[in-house]
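Participant: If you scroll down you'll find the structure; I have some questions about it.
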Amino acid sequence: MDLLQNDTSDNSLQPGQHKLRTGFPEQVKRLVIKVGSRVLVDKQGRPDPAQIQKLTGQIASLRNQNYEVILVSSGAIAAGVQSLGWPRRPVNLPDLQMAAAIGQGVLLNLYSEQLARYDCRLGQVLLTHGDLNDRIRHLNARNTIMSMLRNGIIPVCNENDVVAVDEIRFGDNDLLAAMVAALIDADLLVLLTTSNGLFRAENGRFTERIPLLEDITDETLAMAQGKGSGWSSGGMGSKLQSADRAIRSGTPVVIADGYQENVVARLLSGEDLGTLITVSSEEQKLKARKKWIAFFHRPQGSLFVDEGAANAITEKGHSLLPVGVSKVEGRFRAGSLVNIRKSDGKVIARGLTAFDRDEIERIKGKKTVEIPRILGERHHIEIIHRDNMVLV
């Protein structure tokens, strides 16, 4: 019996019909599934057809039950390395980009062939941080993915490693999955890895699984061990940091073992697998504009503020005025995203500045009434208006 038949038995779920485990979202219709390289490849780093068949069977089953499924897939570089006949993943950038260019097609063909068995179609979506940082391209990406979902097409997302230099060096698909979940307002993000969630560690040994996290703290991050393998760029630390981004945009996250049989369907049925990271009752979904500011922009500089300004921003919800700024770092123009830092360097907020760096240098520490004399008449008096700011 094939995987689709197994998944669409009399116990199959409709979106929202879940036997809830503690903290699990009441309604799940749209979910992002991210699968890591180590789940997709064998011990030699080659794409594993059996694993890909299992994954696509689960996705097809969910799609045929009217779930909206977005797949964020790693494995392109591994597929390219296999196709090129190389014994191991390269380390230099041009070779990594060449492997990605070749592997994207290989990986997509594998998914397409398997999904076609279940009369499911896919569409490739290659993204970079630059695509999501730019407001117009950001909206275009969202509109494209939403159109695919409305037409029953499964979006398969990946970082465009061929051109995304920074991402291939420092990024990973855990972060991309969190950004995609925020982009399309997903009800759930599932990060499939080779571990059944986060485990407590004592004396260097894992002791017990943590089934539920209500927040991600420095202590939580300290429990994460390892930084991936030779065939992956992420690790548990990366997954927790990405999960933190997702829950702060309103999307709960499950980190689970991608080798578990029918793991996604079992999670949706309420089975206690992996680690569920919830959106707290106090956590409100960010407005679309603030979500874009918080998660899709890369800061171009920093503004250091005094204690009074820091309290006004974090405790009273005020805008940032020139009088509270003590130091400026970075080169940026008006409209750029900048971090707002306390004097000790801790980031408390970020926002879109109304002034460029040179202008802020001239007015920092000055009272509002002095601004017209220094810069001339302006349409605004705030360096960062509260509507263009989000606390971090």
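For the sequence shown, the working numbering begins at -16 and goes up steadily by one. Beta carbons: idealized from backbone N, C-alpha and C, even for Gly.
Is Val288 closer than 7 angstroms to Gly313 when the C-beta atoms are compared?
Facilitator: For the purposes of this step, residue 313 is taken as residue 330 along the sequence shown, with counting starting at 1. For the purposes of this step, residue 288 is taken as residue 305 along the sequence shown, with counting starting at 1. No, the pair does not count as a contact, with Cβ atoms beyond the cut-off.
Participant: Could you give the distance in angstroms between the alpha-carbon of Trp69 and the alpha-carbon of Asp240?
Facilitator: Stepping through the sequence shown from its first residue, residue 69 is reached at position 86. Stepping through the sequence shown from its first residue, residue 240 is reached at position 257. Cα-Cα distance, rounded: 28 angstroms.
Participant: Could you give the distance in angstroms between the alpha-carbon of Ala293 and the alpha-carbon of Gly88?
Facilitator: Indexing the sequence shown from 1 puts residue 293 at position 310. Indexing the sequence shown from 1 puts residue 88 at position 105. Computed Cα separation, rounded: 49 angstroms.
Participant: What are the boundary residues of the alpha helix (DSSP H) that Lys299 is part of?
Facilitator: Taking the first residue of the sequence shown as position 1, residue 299 is located at position 316. Unbroken alpha helix (DSSP H) run through Lys299: 290 to 299.
Participant: Within the region 71 to 129, note down every full alpha helix (DSSP H) run reaching 4 residues or more, in order along the chain.
Facilitator: 76 to 99, 112 to 116
Participant: How about Ile128 and Ile167: are their beta carbons less than 7 angstroms apart?
Facilitator: By one-based count along the sequence shown, residue 128 stands at place 145. By one-based count along the sequence shown, residue 167 stands at place 184. For Ile128 and Ile167, yes; Cβs fall inside 7 angstroms.
Participant: For the pair the region 274 to 288 and the region 228 to 237, tell me if three or more CB-CB distances fall below 8 angstroms.
Facilitator: yes
Participant: Who are the near neighbours of Glu342 in its chain, counting only those whose CB is closer than 7 angstroms to its CB and skipping five residues on each side?
Facilitator: In the sequence shown, counting from the first residue as 1, residue 342 sits at position 359. These residues qualify, in order along the chain: Leu358.
Participant: Quick one: what does DSSP say Asp155 is sitting in, helix, strand or coil?
Facilitator: Here residue 155 refers to the residue found at position 172 when the sequence shown is read from its first residue. Coil, per DSSP.
Participant: Say whether the region 28 to 45 touches the region 114 to 128, bearing in mind that this needs 3 or more beta-carbon pairs closer than 8 angstroms, one atom from each stretch.
Facilitator: They do not touch, by the three-pair rule.
Participant: According to DSSP, which residues form a beta bridge with Asn371?
Facilitator: Mapped onto the sequence shown, residue 371 falls at position 388. DSSP output for Asn371 lists no bridge partner at all.
Participant: Quick check on Arg118: buried or exposed, where buried means 16 or more other Cβ atoms within 10 Å of its Cβ?
Facilitator: Against the sequence shown, residue 118 aligns to sequence position 135. The residue in question, Arg118, is exposed, as its Cβ has fewer than 16 Cβ neighbours within 10 Å.
Participant: Ordered along the chain, which non-local residues of its own chain (more than five positions away) have a Cβ less than 7 angstroms from that of Ser56?
Facilitator: Along the sequence shown, read from residue 1 onward, the residue named residue 56 stands at position 73. These residues qualify, in order along the chain: Val18, Leu90, Val139, Asn141.
Participant: With the cut-off set at 7 angstroms, would you say Ser309 and Glu365 are in Cβ contact?
Facilitator: As a first step, residue 309 must be located in the sequence shown, where it is residue number 326. As a first step, residue 365 must be located in the sequence shown, where it is residue number 382. Contact flag unset, no.
Participant: Strictly by DSSP, which residues pair up with Phe287?
Facilitator: Along the sequence shown, read from residue 1 onward, the residue named residue 287 stands at position 304. Answer is Lys310, Arg324, bridged to Phe287.
Participant: What's the gap between the Cα of Ala169 and the Cα of Gln41?
Facilitator: Residue numbering aside, residue 169 sits at position 186 when the sequence shown is read from its first letter. Residue numbering aside, residue 41 sits at position 58 when the sequence shown is read from its first letter. Each residue's alpha carbon lies about 18 angstroms from the other.
Participant: Quick check: what's the CA-CA separation for Ser178 versus Pro282?
Facilitator: In the sequence shown, the residue the question calls residue 178 occupies position 195. In the sequence shown, the residue the question calls residue 282 occupies position 299. Distance between the alpha carbons of Ser178 and Pro282: 33 angstroms.
Participant: Taking the continuous beta strand (DSSP E) assigned at Glu142, which residues delimit it?
Facilitator: Against the sequence shown, residue 142 aligns to sequence position 159. Residues 136 to 142.
Participant: Report buried or exposed for Val330, applying the criterion of at least 16 other Cβ atoms within 10 angstroms of its Cβ.
Facilitator: Here the question's residue 330 lines up with position 347 in the sequence shown. Counting the other Cβ atoms within 10 Å of the Cβ of Val330 gives fewer than 16, which makes it exposed.
Participant: Please give me, in chain order, every unbroken run of the beta strand (DSSP E) with length at least 3 that falls completely inside the region -2 to 29.
Facilitator: With a minimum length of 3 residues, the continuous beta strand (DSSP E) runs that stay inside the region -2 to 29 are 13 to 18.
Participant: Rounding to the nearest angstrom, what Cα-Cα distance links Val321 and Arg333 in this structure?
Facilitator: As a first step, residue 321 is located in the sequence shown; it is residue number 338 there, counting from the start. As a first step, residue 333 is located in the sequence shown; it is residue number 350 there, counting from the start. One C-alpha to the other measures close to 6 angstroms.
Participant: For Leu171 and Ile199, which I take to be in contact (beta-carbon distance under 8 angstroms), what is that distance rounded to the nearest angstrom?
Facilitator: The count along the sequence shown starts at 1 and reaches residue 171 at position 188. The count along the sequence shown starts at 1 and reaches residue 199 at position 216. Contact doesn't hold; Cβ gap of about 17 angstroms is too wide.
Participant: Taking Gly28 as the reference, give the member of Asp102, Arg72, Gly284, Lys350 with the closest Cα.
Facilitator: For this step, residue 28 is matched to residue 45 along the sequence shown. From the listed residues Asp102, Arg72, Gly284, Lys350, the smallest Cα separation to Gly28 is found for Arg72.
Participant: How far does the alpha helix (DSSP H) with Thr39 in it extend, from its first residue to its last?
Facilitator: Residue numbering aside, residue 39 sits at position 56 when the sequence shown is read from its first letter. Start and end: 32 to 47.
Participant: Just reading off the beta strand (DSSP E) that Leu172 is part of, what are its end residues?
Facilitator: Sequence index remark: in the sequence shown, residue 172 carries index 189 (1-based). Here the beta strand (DSSP E) through Leu172 covers 171 to 176.
Participant: From the DSSP output, in three-state form, read off Gly63 for me.
Facilitator: Numbered from its first residue, the sequence shown carries residue 63 at position 80. Gly63: helix per DSSP, three-state reduction.
Participant: Check the DSSP bridge columns for Val330 and list the partner residues they point to.
Facilitator: Within the sequence shown, residue 330 is the residue found at index 347, counting from 1. Val330 pairs with Arg324.
Participant: So Ser319 and Thr297 are supposed to be a Cβ contact under 8 angstroms. How far apart are they, rounded?
Facilitator: For the purposes of this step, residue 319 is taken as the residue at position 336 of the sequence shown. For the purposes of this step, residue 297 is taken as the residue at position 314 of the sequence shown. In fact, because the Cβ distance is near 22 angstroms, the residues do not count as touching under 8 angstroms.
Participant: Taking the CB atoms as reference points, tell me whether Val11 and Val163 lie closer together than 7 angstroms.
Facilitator: Indexing the sequence shown from 1 puts residue 11 at position 28. Indexing the sequence shown from 1 puts residue 163 at position 180. Against a cut-off of 7 angstroms, the Cβ pair of Val163 and Val11 comes out as no contact.
Participant: Which residue's Cα is closest to the Cα of Ala205: Leu195, Arg192, Met219?
Facilitator: Residue 205 sits at position 222 when you count from the first residue of the sequence shown. Nearest C-alpha to Ala205: Met219.
Participant: So Ser263 and Glu197 are in contact, right, with Cβ under 8 angstroms, and what is the actual spacing, rounded?
Facilitator: Reading the sequence shown from its first residue, position 280 is the one you call residue 263. Reading the sequence shown from its first residue, position 214 is the one you call residue 197. Right, the Cβ-Cβ distance comes to about 6 angstroms (below 8 angstroms), so this counts as a contact.
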